[in-house]
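Same order as they appear, the protein sequences are chains A and B. For the first sequence, this note's numbering assigns the number 135 to the last residue and increments by one with no breaks. For the second sequence, this note's numbering assigns the number 135 to the last residue and increments by one with no breaks. The beta carbon of each residue, even a glycine, is placed where N, CA and C say it ideally should be. Below: the structure, in structure tokens.
2 protein chains.
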Amino acid sequence: MMMSLDTVFAALSDPTRRAILAMLLEDDMAVTDVAHPFTMSLAAISKHLHVLTAAGLISQEKRGRVKWCKLEPDALREASIWMQSFGQFEAVNLDAFERFLATELPEAAIDAPSD
Amino acid sequence: MMMSLDTVFAALSDPTRRAILAMLLEDDMAVTDVAHPFTMSLAAISKHLHVLTAAGLISQEKRGRVKWCKLEPDALREASIWMQSFGQFEAVNLDAFERFLATELPEAAIDAPSD
DNA sequence: CTAAACGTCAACCATTTGGTTGAATATCAC
DNA sequence: GTGATATTCAACCAAATGGTTGACGTTTAG
Numbered sequence: 021m022m023m024s025l026d027t028v029f030a031a032l033s034d035p036t037r038r039a040i041l042a043m044l045l046e047d048d049m050a051v052t053d054v055a056h057p058f059t060m061s062l063a064a065i066s067k068h069l070h071v072l073t074a075a076g077l078i079s080q081e082k083r084g085r086v087k088w089c090k091l092e093p094d095a096l097r098e099a100s101i102w103m104q105s106f107g108q109f110e111a112v113n114l115d116a117f118e119r120f121l122a123t124e125l126p127e128a129a130i131d132a133p134s135d
Numbered sequence: 021m022m023m024s025l026d027t028v029f030a031a032l033s034d035p036t037r038r039a040i041l042a043m044l045l046e047d048d049m050a051v052t053d054v055a056h057p058f059t060m061s062l063a064a065i066s067k068h069l070h071v072l073t074a075a076g077l078i079s080q081e082k083r084g085r086v087k088w089c090k091l092e093p094d095a096l097r098e099a100s101i102w103m104q105s106f107g108q109f110e111a112v113n114l115d116a117f118e119r120f121l122a123t124e125l126p127e128a129a130i131d132a133p134s135d
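Here is the structure:
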């Protein structure tokens, strides 16, 4: 499980893999069942699941002859945080941000009352 | 500007491109200036900027002989929403989700009264 | 006008990716 | 044990990716 932003975003860039994640959102599934809705081969799905596992987005546990796939939202959350940090800064825009620092700071100064 | 989740996530999967986005967060920049901190060639950076533009993550405007690069957070926001939806469902966990459906549905059943 | 700065384009290369098929490995069911 | 089920592995293939270099068009500066 590399869990790097590189591998997480790369894993998310494929529509088949996003569809798999959406399926696992509803319930844990065996590899064969994951493959069922898709037209591609089982081996191809197995590879996709490997990519998702390497990215830390899912985990796989073998019980008997069936390997269960389970969503692991932690990796997703990390990437989500990275993106949200952009979303927040975006609203700011540097010039505006500097004005913000100058004008809106009194709000933050509640426990440091004005002189 | 394709703005699909495919292209947005693929664009975000490269560390050079994420670094470029982080730079553009602070200010709009010319292509040459974007390239400056990196060891790779200008042509390579030009390609990365093309990928980011195709994904809708940045826009480029040519003024005189210099092409300005600007962050476009809308594409990022779309992908962020997709990820957050996972983050939310994750907290639910199917069993709990079904209980939720059973107990909280009255809200949604206003115009579809129970039999 | 000439030269430098800005940036892209085209051709090339190595590696990775997403898919295939067929054989191989476990495990379960009888 | 035999056979069906579940999954992976290995070899292969086409296409995409990320990088290089060198030539090319624009625009600005002197």
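Which ranges does the beta strand (DSSP E) cover as unbroken runs of at least 3 residues, wholly within the segment 75 to 102 of chain A, from first to last along the chain? 78 to 83, 86 to 91
Evaluate residue 54/B with the Cβ neighbour count: other Cβ atoms within 10 Å of its Cβ, from every protein chain shown; 16 or more gives buried, anything less gives exposed. buried
In whole angstroms, give me the CA-to-CA distance for residue 86/A and residue 61/B. 49 Å
Counting only Cβ-Cβ distances shorter than 9 Å, please list the residues of the segment 23 to 35 of chain B near chain A, keeping chain order. 24, 25, 26, 27, 28, 29, 30, 31, 32, 33, 34, 35
Nearest to residue 91/A (by Cα), restricted to the options 97/A, 99/A, 102/A, 79/A: 79/A
Between residue 79/A and chain B, is there a C-beta pair that is closer than 8 Å? No - not a single Cβ of chain B is within 8 Å of the one on residue 79/A.
Under 8 Å between C-beta atoms of residue 28/A and residue 81/A: no
Which of the three DSSP states is assigned to residue 49/B in this structure? Looking at residue 49/B - three-state DSSP - the assignment turns out to be strand.
What is the rounded straight-line gap between the Cα of residue 102/B and the Cα of residue 83/A? If I take the Cα positions, the gap works out to 32 Å.
Just to make sure I have the definition right: I need the residues of chain B whose C-beta is within less than 7 Å of the C-beta of residue 99/A. Which are they? 103
For residue 68/A, count the other beta carbons within 10 Å of its own beta carbon; 16 or more makes it buried, fewer makes it exposed. Which is it? buried
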